[in-house]
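Participant: Structure in structure tokens, see below.
Here it is, written out as structure tokens:
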């Protein structure tokens with residue numbers, strides 16, 4: 074009875090050890106790690122610390138343990154030249170008799186001498202080169218201008234130099250748009266200044282009543 078219990082314990086230890094190796098592809102660091110892993114698995118037997126310690130010492134550095142349910146079982150090696158139960162070796166041992174079961178292929182079963190439909194040797198039609206896309210038309214450059222529309226003073230399309238905006242007062246909104254590489258000077262106090270879609274512009278303002286806003290402007 075004691076021998077049976079010992080055998081069961083060895084098998085249980087080996088099963089836990091092999092399951093741990095299969096999952097982590099490495100040995101546990103110590104017996105406590107092996108015991109904790111066994112407790113966490115529903116399909117493995119629980120190990121006491123003593124059992125886990127014995128299993129760890131017995132199998133450390135030896136790879137998978139023998140006798141466990143999860144151990145890899147090696148296939149029996151074939152002995153001699155007979156090939157055992159391997160059907161490939163058995164077929165090879167037949168020698169010339171191996172070709173007896175093959176079906177003979179007659180001439181009419183091959184593609185030789187059969188007419189192939191379609192023209193042979195005709196070169197495929199050349200693909201015509203794609204038409205070149207026309208270059209996009211350049212946008213018309215509008216002339217620089219300063220104009221008054223109600224209480225708004227429009228300052229547009231300036232690309233160089235320094236411009237002084239005159240005739241502006243507290244009721245006026247100065248709207249500078251589509252300008253670049255230009256400086257602007259506003260000597261009078263105005264209601265607000267808006268700089269829209271401009272690049273590298275400088276604006277010198279004496280004073281504003283509300284704010285200076287920049288929209289889509291760089292530099």
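Residue numbers (this note's numbering): 74 to 292.
Ideal Cβ positions, reconstructed from N, Cα and C, are used throughout, including at glycine.
1) How close, in whole Å, do the beta carbons of residue 94 and residue 100 come, if the pair is a contact with beta carbons under 8 Å?
2) Look up residue 258 in the DSSP assignment and say whether it is helix, strand or coil.
3) For residue 131, which of helix, strand or coil comes out of DSSP?
4) Just to check my reading of the structure: residue 287 and residue 259 have Cβ atoms closer than 8 Å, yes? What is that Cβ distance to the nearest angstrom?
5) Just verifying my parser: in three-state terms, what is the DSSP assignment at residue 233?
6) Kindly indicate which residue of 177, 254, 84 and 113 has the alpha-carbon position closest to the one of residue 96.
7) Taking the straight line between their C-alpha atoms, what separation do you get for residue 139 and residue 177?
8) Where does residue 123 sit, in a helix, a strand or coil, going by DSSP?
9) Report the three-state DSSP secondary structure of residue 253 (helix, strand or coil).
10) Expressed to the nearest angstrom, what Euclidean distance is found between the alpha-carbon atoms of residue 243 and residue 221?
11) Could you tell me the distance, in whole angstroms, from the CA atom of residue 270 to the CA atom of residue 292?
Facilitator: Quick look at the numbers:
1) In the chain shown, the residue the question calls residue 94 occupies position 21. In the chain shown, the residue the question calls residue 100 occupies position 27. At roughly 7 Å, the Cβ-Cβ gap stays under 8 Å, so residue 94 and residue 100 are in contact.
2) Counting from 1 along the chain shown, the entry for residue 258 is found at position 185. Residue state for residue 258 is assigned as strand, using DSSP reduced to three classes.
3) Locating residue 131 in the chain shown gives position 58, counting from the first residue. Helix at residue 131.
4) Taking the chain shown and counting its residues from 1, one reaches residue 287 at position 214. Taking the chain shown and counting its residues from 1, one reaches residue 259 at position 186. Between residue 259 and residue 287 the Cβ distance is about 15 Å, and since that is not below 8 Å, they are no contact.
5) Position 160 of the chain shown, counting from 1, holds the residue named residue 233. Residue state, collapsed to three classes: coil.
6) Taking the first residue of the chain shown as position 1, residue 96 is located at position 23. Residue 96 has its Cα closest to that of 113, out of 177, 254, 84 and 113.
7) Working through the chain shown from its first residue, we reach residue 139 at position 66. Working through the chain shown from its first residue, we reach residue 177 at position 104. About 51 Å.
8) Counting from 1 along the chain shown, the entry for residue 123 is found at position 50. The answer is helix: DSSP assigns residue 123 an H, G or I state.
9) Here residue 253 refers to the residue found at position 180 of the chain shown. In the structure shown, residue 253 sits in a strand (DSSP, three-state: E or B).
10) Counted from its first residue, the chain shown places residue 243 at position 170. Counted from its first residue, the chain shown places residue 221 at position 148. Distance between the alpha carbons of residue 243 and residue 221: 14 Å.
11) The residue you call residue 270 lines up with position 197 of the chain shown. The residue you call residue 292 lines up with position 219 of the chain shown. So the two alpha carbons sit approximately 11 Å from each other.
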